[in-house]
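At position 75 of the sequence shown (counting the first as 1) the number is 76 in the numbering used here, and the numbers step up by one without a gap. Glycine included, C-beta positions come from ideal geometry on N, C-alpha and C.
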Amino acid sequence: MTKRTALYEKHLESDAKIVDFAGWEMPIHYGSQLKEHNQVREDAGMFDVSHMVILDLKGDDSKAFLQKLLANDVDKLKTQGKALYSCMLNEDGKVIDDLIVYYLADDFYRIVVNAGTREKDIAWMQKQLADFSATLTERDDLSMIAVQGPNAREKVCAVLNDDQAEQAKALPIFTGADVGDYFIARTGYTGEDGFEIMVHNDAVASLWDALLETGVKPIGLGARDTLRLEAGMNLYGTDMDETLSPLVSGLNWTIAWQPEERDFIGRAALESEKAAGVKQKFVGLVLEGRGVLRSHQKVITDNGEGEITSGTFSPSLNLAIAMARVPADIGRMCEVEIRNKRLPAKVVKPQFVRNGKSCL
């Protein structure tokens, strides 16, 4: 049986097309995915991301537990509210999930994981917690709205009182804080500035309506996907999963190898993979000529074959773009097999648009 967020009726009021996403009835678009994409790039749009899983970790061993659990190192978090992006690996060094963790106190961290991996994530965390003095609590009393775009922060602050607005304006990038009844974080999944706002379920509809009044438009999952792909942000289950390591998923930067004595889960497997020589790399592709790049299309290089993991036609660039896993020694050009034809593509860094500007 599919679930509904506390904003389900609000989506219907805005004529959303509802689809099943990871067991949730969610809006794929509100009429035009293209308009919604451009709304975020040019002004401000909001996403219901209440299907994401919010977990509070509390206890004396919270930090030690996360240092064992995550490939990135929470010891980097020195300022209250600072966030860290990390992979959570299994013993084989493969990605169970990617997540964000917020440092709220030495004995209190907030973790946000993906909806589609909820059960396995929580089961894995609880299993590892057995040796630590800490408790993990799912915050299903909270909803979350992401407001993204060049005018997003200004429009969010317009619905807050003066004190709250000042606190929100002062937030550095990738930092969150309790602001009145909200937990507001300067994070997102679009390559634009903005906030992700956690609020109690019974208050989220009022916040949604207030944002609508300021001109923030509702955005569906369709535009969320083209926006994140343009920004070069991985999608779990598409660009990486439990059969792949971060070393072949463009996520080497999320692994904290220092200090060497920190023995996080999966470290030994990753070190062995590195020592043997990583055979693949994660790249961006731009199609030269007409066509659309899609996931699972074959990539042909001088040194072997690869595969597109995510692909789309970029509304911001008016080009077909993709992220792909390919042989590590790929050159500057390759070919993509589309409908039994080989079309040339340029190999680039897997980041295409940030803050409304081309990265090509």
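Residue i by DSSP, collapsed to three states: which one?
i      : result
Cys335 : strand
Met27  : strand
Arg140 : coil
Tyr9   : helix
Gly117 : helix
Asp163 : helix
Met47  : strand
Phe283 : strand
Val157 : helix
Ser250 : coil
Arg326 : strand
Ala269 : helix
Phe175 : coil
Lys79  : coil
Taking Cβ positions, are residue i and residue j nearer each other than 8 angstroms?
i      : j      : result
Glu26  : Ile220 : no
Val300 : Val337 : yes
Val284 : Lys347 : no
Gln298 : Val249 : no
Glu167 : Val354 : no
Ala206 : Lys11  : yes
Ala224 : His30  : yes
Gly312 : Leu344 : no
Gly357 : Glu193 : yes
Gln352 : Gly233 : yes
Gln81  : Leu100 : no
Gly177 : Tyr103 : yes
Val160 : Ala169 : no
Val96  : Glu272 : no
Leu35  : Pro260 : no
Ile322 : Thr302 : no
Ala7   : Asn202 : yes
What whole-angstrom Cβ distance do residue i and residue j have, given they're in contact under 8 angstroms?
i      : j      : result
Ser246 : Val200 : Going by Cβ atoms, the distance from Ser246 to Val200 rounds to 36 angstroms, so no, they are not a contact pair.
Ala329 : Thr310 : Incorrect: roughly 16 angstroms between the Cβ atoms, too far for contact.
Asp122 : Asp93  : Incorrect: roughly 17 angstroms between the Cβ atoms, too far for contact.
Arg42  : Gly189 : Arg42 to Gly189, Cβ: 13 angstroms. No contact.
Phe66  : Leu130 : 6 angstroms
Arg229 : Thr191 : 6 angstroms
Provide the residue(s) that pair with residue i in DSSP beta bridges, ordered along the chain.
i      : result
Tyr237 : Met241
His297 : Beta-bridge pairing links His297 to no other residue.
Pro345 : Glu336
Ile112 : Leu56 and Val102
Cys88  : Asp99
Val200 : Ser144
Arg355 : Lys358
Leu320 : Ser315
When every heavy atom of the ligand MG is checked, does at least one fall within less than 7 angstroms of the C-beta of residue i?
i      : result
Asn341 : Absence of the ligand MG is noted for the structure shown, with no ligands found whatsoever.
> Between the segment 229-246 and the segment 115-128, are three or more C-beta pairs nearer than 8 angstroms?
Replying inline: yes
>> I'd like to know if the segment 150-170 and the segment 208-223 are in contact, where contact means that at least 3 CB-CB pairs between them fall below 8 angstroms.
In response: yes
> Are the segment 66-73 and the segment 87-96 touching, with three or more C-beta to C-beta distances below 8 angstroms?
Replying inline: yes
> Counting Cβ pairs closer than 8 angstroms, one from the segment 255-268 and one from the segment 185-205, do we hit at least three?
Replying inline: no
>> Tell me whether the segment 128-146 and the segment 41-59 touch, counting them as touching only if at least three CB pairs, one residue from each stretch, are closer than 8 angstroms.
In response: yes
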